[in-house]
Amino acid sequence: MADFRSSEIINKPVHEVFDYMIKMENVHELMPFVVKVEKQTEGEIGKGTKFIETRMVRGKKINADIEIIDFEQNRTYTTRSNANGLITEYKYDFHEIEEGTQVEMEANVKTIGLVAKLTKRFIVNIVKREDGSQLQYLKEMMEK
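Just so we're aligned, residue 1146 is where the sequence shown starts under our numbering, counting upward by one.
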């Protein structure tokens, strides 16, 4: 079961929405706390592509290792991040509909260690507050 979900209808074709989201240079527009993303692997973006993400968390820069763990062009992709034992997976699904594109995001947060497990709900709320509006931001960016 997902820790949180989001869904938006974007009035653009699937390929445009997918291409915009998969380009990591756009991530700061969708996740304002992300300040930098560096690609670590060669070649086209797809399954196995790795990045290092830097984001501001409570005034501190935190790095996370990001990997695309599932990828199907114009249909779906999943990213997994690991930042000091906080593992977050975002699964994005793209569906062509009459109005354009239905984008669905499902987030799963995993914590390692007893203290982290005891505070998981608190951690999920922080992650949701920081990243939960990314599809709303996507809609605003693509439809302006």
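Backbone N, C-alpha and C define an ideal beta-carbon position, used for all residues, glycine too. Remember, it's a predicted structure, so these values are computed and weren't measured experimentally.
- Between the stretch 1233 to 1246 and the stretch 1191 to 1207 there are fewer than three C-beta pairs closer than 8 Å, too few to call the two in contact.
- The stretch 1227 to 1240 and the stretch 1201 to 1217 touch, with three or more beta-carbon pairs separated by less than 8 Å.
- In the structure shown, residue 1285 falls within a helical segment according to DSSP collapsed to helix, strand and coil.
- DSSP places residue 1167 within a helical segment (H, G or I) once states are collapsed to three.
- Residue 1149 carries a strand assignment under DSSP once its states are collapsed to helix, strand and coil.
- Rounded to the nearest whole angstrom, the CA to CA distance from residue 1248 to residue 1154 is 6 Å.
- Residue 1287 has its alpha-carbon roughly 16 Å from the corresponding atom of residue 1177.
- For residue 1187, there is no enclosing beta strand (DSSP E), as DSSP marks it with neither H nor E.
- For residue 1265, no beta strand (DSSP E) encloses it; the enclosing alpha helix (DSSP H) starts and ends at 1265 to 1276.
- Using a Cβ-Cβ distance cut-off of 8 Å, the stretch 1263 to 1273 and the stretch 1157 to 1176 are not in contact, since fewer than three pairs of beta carbons, one from each stretch, lie closer than that value.
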